[in-house]
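Please read the structure below before turning to the comments.
Protein chains in written order, with my numbering: chain V, 1 to 406; chain H, 1001 to 1406.
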């Protein structure tokens, strides 16, 4: 299939792009993009197609001559391609710099890291903010509902385009972990190792419930305008902020919230007997909500949460183990003890399914108070696990040996 | 102090009042009311006063001659005085009919039950929807911020008015349990027994966080109009519905949601690839949100959640045990295993504080999958606990014996 592309240029293009709005990044991203033209439409699970398809992505490190050291990073709900480089809108460090970089567990001196913005996202890959070729206007709600599998199929296009046959590893946390599972299920010959982290093989009723609250909050905002807010030059920021606040609670453990904030007051000595943000946790949540709307598209939030709700690898395959029949992938499944969004129980379901097909799988439950967000944070045991797994697998495959695959 | 009152008339007044809006019930309730006029203002913890003060309440059963069989029921966040009779707005059975009635654990054949609508509520007691005597218009945000202690002080007025010295018991779940604790702390001579159920001695950071999401959802609704929606004849129903949806998730356990809904689809055979309520849990939550706005006032929701957030019996007394020094009350503390809103840990903190002052306390953790809402539902072990505790205490006090107190 044909594709036009800007070659990966690492972080060079980012300078000067901070403080742009996310809208301009959605339409003209700082990162490289690959565009698959109309003769190569992406067929979706819904039966609809997306064409043209743009995938924005960032790379870190260098692809070796054998193209055997490529790792795909799959980002979570509100993540993006800027895993290990400055975010062009917020100016903040990449969301996974704790894990990814020179000498870090996902070592950019050793591996070539590819991190695409997901289909449906708002940082340059095709999503609801993109121009609908049929109307010349932003898709809005004319964007088709997508699935985690569709996101993976779009990523497959990118990997094909980069000329990479087999990925040394596919790694992701949360929704990124769901993509890892879909990669393993859909591309059995192309995934040497896989690390699904703080993930689940299906979205539970409670998971769906929290997402539905967020969607209703967005849709209740009159500025959402049935999804057509782009042309009016407005943003349903109040609704999106409420959605983010509700979701953010689920990312932290009760203990983390208590330890971080407790009942401490914010910049005051006593209760104000008002609806001000008396408590630090209120102030923190409001901040989370208000900063989020500056970097994220409300419709993208709707589509991505919907894709997560639709995710059910068991239903798609009759039984979960069937998803992995014939797999040659080596898995490292990671969960965190205080994660109540995708608890260890969910990771164990993945492990049980893998064991049922005699897959090569290790499972590590990390002791952590930090809740679901632990996968983004400094967690030495988690980082040691990822480092050890990747290094051992690289060694086994001769990635570093003189005369090896590198 | 002076007070005018309609005598308790049980359920007689309710016929024909169903399907009224909650607004008319707020201003002219179906239940009896007592009005404390301007010469008896209620002084609040904030230093402000409320005057006149109206308390709407419902009673069940008959007060004995010695006035020794009175039980005060304290309702939760969105409860009201209709614990064991038809709700005048919704036409549905009372919220605690599983527990309260003839021959039931809280036996109306034996006890005289008083259930007031809380201060700040919207079913007839003074709250933000009431007329502000200074302006002749609804209080709205001119209503003072109240506390759980203020609610209890208002209830004390009602009990005084009814000529009852000592309450045989004070019983409540969730926020009702917080009121029970304040009663025990503030009125040590007037509470013979107390049953705080699924309660906490303080609101945690996570509790505050969920409430703040709800408040922000209400306030984000343009129809909220800074709290002055009454005169415009509108209701911030979208915001309030989102608040209710988010809160409702916290009332159920993850297991209850999974068992009740799982990933089952609602009235369809396959995913719609849309933002319809594909999943039953979505449909259920939307229903919870939309029906709630028909029976509850948005500003009341703000004030009551604020009162709960401000609740911290430990901070108020230096240490929690100090709240109960000198208590003669006999306590039965009840928690539910799957309650993650006010988990057993919170009840144990209450029990530990009571033990530290050598109070008479029994503690029962009920095995239940139903989450926080278990206190409202058919839970045989819970009901047996309440029945047994009340009957034994009544027996001990000679309530039923010929020649006894009755």
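Glycine is no exception: its CB is placed at the ideal position from the N, C-alpha and C atoms. The model shown is predicted, which means the values in this text are computed figures rather than measured ones.
Contacts that residue i makes with chain H (C-beta to C-beta distance below 7 Å)
i	result
residue 238 of chain V	1220
residue 294 of chain V	Here the premise fails: no neighbours, minimum Cβ distance about 16 Å.
residue 282 of chain V	1208 and 1212
Assigned exposure category for residue i - 16 Cβ within 10 Å defines buried
i	result
residue 1294 of chain H	exposed
residue 370 of chain V	buried
residue 385 of chain V	buried
residue 69 of chain V	buried
residue 274 of chain V	exposed
residue 1131 of chain H	exposed
residue 1024 of chain H	exposed
residue 1269 of chain H	exposed
residue 238 of chain V	buried
residue 49 of chain V	exposed
residue 207 of chain V	buried
residue 1101 of chain H	buried
residue 1065 of chain H	exposed
residue 1254 of chain H	buried
residue 1299 of chain H	buried
residue 1205 of chain H	buried
residue 1272 of chain H	exposed
residue 347 of chain V	buried
residue 32 of chain V	buried
Rounded straight-line distance, which links the Cα of residue j to that of residue i
i	j	result
residue 106 of chain V	residue 116 of chain V	16 Å
residue 397 of chain V	residue 159 of chain V	20 Å
residue 374 of chain V	residue 336 of chain V	7 Å
residue 1088 of chain H	residue 1233 of chain H	21 Å
residue 1389 of chain H	residue 94 of chain V	58 Å
residue 1296 of chain H	residue 1099 of chain H	23 Å
residue 1182 of chain H	residue 1311 of chain H	10 Å
residue 1366 of chain H	residue 1266 of chain H	32 Å
residue 387 of chain V	residue 104 of chain V	8 Å
residue 1217 of chain H	residue 148 of chain V	29 Å
residue 277 of chain V	residue 121 of chain V	32 Å
residue 283 of chain V	residue 1063 of chain H	48 Å
residue 1047 of chain H	residue 1133 of chain H	18 Å
residue 1308 of chain H	residue 39 of chain V	60 Å
residue 1096 of chain H	residue 1085 of chain H	9 Å
residue 1112 of chain H	residue 279 of chain V	40 Å
residue 184 of chain V	residue 1368 of chain H	38 Å
Collapsed DSSP secondary structure at residue i in the structure displayed
i	result
residue 1335 of chain H	strand
residue 1394 of chain H	helix
residue 202 of chain V	strand
residue 1099 of chain H	coil
residue 1184 of chain H	helix
residue 1410 of chain H	No answer is possible for residue 1410 of chain H: it lies beyond the span of chain H, which begins at 1001 and ends at 1406.
residue 1020 of chain H	Residue confidence for residue 1020 of chain H is low, a pLDDT of 42 falling below 50, so the modelled location carries little weight; the figure read from the coordinates is stated next. Note: residue 1020 of chain H maps to coil in three-state DSSP.
residue 132 of chain V	strand
residue 1194 of chain H	strand
residue 1360 of chain H	strand
residue 1342 of chain H	coil
residue 1222 of chain H	helix
residue 1380 of chain H	helix
residue 152 of chain V	helix
residue 1147 of chain H	coil
residue 1030 of chain H	coil
Integer Cβ distance of residue i from residue j, believed to fall under 8 Å
i	j	result
residue 151 of chain V	residue 76 of chain V	No, residue 151 of chain V and residue 76 of chain V are not in contact; Cβ-Cβ is about 12 Å, not under 8 Å.
residue 1345 of chain H	residue 1289 of chain H	About 30 Å; that fails the 8 Å criterion.
residue 209 of chain V	residue 1377 of chain H	About 19 Å; that fails the 8 Å criterion.
residue 188 of chain V	residue 79 of chain V	That pair is no contact at about 26 Å.
residue 198 of chain V	residue 214 of chain V	No, residue 198 of chain V and residue 214 of chain V are not in contact; Cβ-Cβ is about 19 Å, not under 8 Å.
residue 1141 of chain H	residue 1072 of chain H	30 Å between Cβ atoms; not a contact.
residue 1053 of chain H	residue 1126 of chain H	5 Å
Contact set between residue i and chain H, taken where Cβ atoms lie within less than 9 Å
i	result
residue 91 of chain V	Within chain H, no residue comes near residue 91 of chain V; the closest Cβ sits about 26 Å away, beyond 9 Å.
residue 262 of chain V	1204 and 1205
Beta-carbon neighbours of residue i, restricted to chain V and to distances below 9 Å
i	result
residue 1258 of chain H	204, 205 and 206
residue 1273 of chain H	44, 45, 46, 47, 48, 144, 145, 146, 147, 306 and 310
residue 1302 of chain H	275
Residues that residue i contacts on chain H, provided the C-beta gap is smaller than 8 Å
i	result
residue 249 of chain V	1206, 1209, 1210 and 1213
Contact test: residue i Cβ vs the ligand SAH heavy atom, cutoff 7 Å
i	result
residue 1053 of chain H	Summarising the ligand content, the structure contains no ligands, and the ligand SAH is consequently not present.
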